[in-house]
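Protein chains in written order, with my numbering: chain A, -12 to 81; chain B, -12 to 81. Step one of this worksheet: look at the structure below.
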DNA sequence: TCTGTATTTAGATATTTTTCTAAATATTAT
DNA sequence: ATAATATTTAGAAAAATATCTAAATACAGA
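Okay, structure coming up:
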């Protein structure tokens, strides 16, 4: 909730890579973890940060927890950046 | 240079506010500092991080150092995010 | 119910980041 | 050259973040 969390979540390379992995489709926590040289606990920590920022959401199924990308928040961040790029140049008014 | 630096630079609320201030036009380090309840040294630290990420550039003039927004890097970050939003949905091919 | 697998939580440690104070540098003006 | 102002740099302290190990939880299958 809030930009602060979104940007913080995006600021870590591991978390960005997780998002890229999820671009191709949902993955379980374990599958995500197998892409990194880190303990499952650490991956869980990162997933939780992404979840709190609503960049991903989870889906419990059987013995697994699947994670999926939530693109709507990505959009919000882009909007903030777009405004920054926006009407900053004195020359091009309005 | 590189996404890591860009995202890290954007992850701090003080630095984001500095960028927003610069949207309206260039400001000296002192003018930027006066918007925050922090020492000049701390502001200088943040400006340096933004500078290294090439989100701003400086312009020395007289006794002052003026800072300006560099929107081209903002664009790069947006591009990364756009790709994340991109072809992630199984349904909408291509 | 017991065992095994997937994942998270708790607590500790290590690393990184943010902030401060004090000193250094640079530039202007007298 | 000296004094004043603007800003940065250095070094230390405080705060936040990332990582690990070990234990806890949740669920599935025998």
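Beta carbons: idealized from backbone N, C-alpha and C, even for Gly.
Return the Cβ separation of residue i and residue j in integer angstroms, given the expectation that the two are a contact with Cβ distance under 8 Å.
i, j, result
"residue 42/A", "residue 60/A", "5 Å"
"residue 45/B", "residue 53/B", "7 Å"
"residue 36/B", "residue 2/B", "7 Å"
"residue 65/A", "residue 65/B", "6 Å"
Distance check for residue j and residue i, CA to CA, integer angstroms please.
i, j, result
"residue -6/B", "residue 39/A", "18 Å"
"residue 57/B", "residue 23/A", "34 Å"
"residue 30/B", "residue 50/A", "49 Å"
"residue 87/B", "residue 0/A", "Here chain B covers residues -12 to 81 and nothing more, so residue 87/B does not appear."
"residue 63/A", "residue 73/B", "15 Å"
"residue 15/A", "residue 47/B", "52 Å"
"residue 28/B", "residue 18/B", "13 Å"
Does the beta-carbon of residue i have 16 or more other beta-carbons within 10 angstroms, so that it is buried, or is it exposed?
i, result
"residue 82/A", "Beyond the ends of chain A as shown, which are -12 and 81, falls residue 82/A; an answer cannot be given."
"residue 79/B", "Note that residue 79/B has pLDDT 42, beneath the 50 cutoff, so the model's placement of it is unreliable and no number is given."
Measure from the alpha carbon of residue i to the alpha carbon of each residue in the options, then state which is nearest.
i, options, result
"residue 13/A", "55/A, -4/A, 28/A and -11/A", "55/A"
"residue 9/B", "63/B, 34/B and -8/B", "34/B"
"residue 83/B", "-3/A, -8/A and -9/A", "The structure shown does not extend to residue 83/B, since chain B is modelled only from -12 through 81, so no value can be given for it."
The region 61 to 76 of chain B: which residues have C-beta closer than 9 Å to a C-beta of chain A, in chain order? 61, 62, 64, 65, 67, 68, 69, 70, 71, 72, 73, 74, 75 and 76
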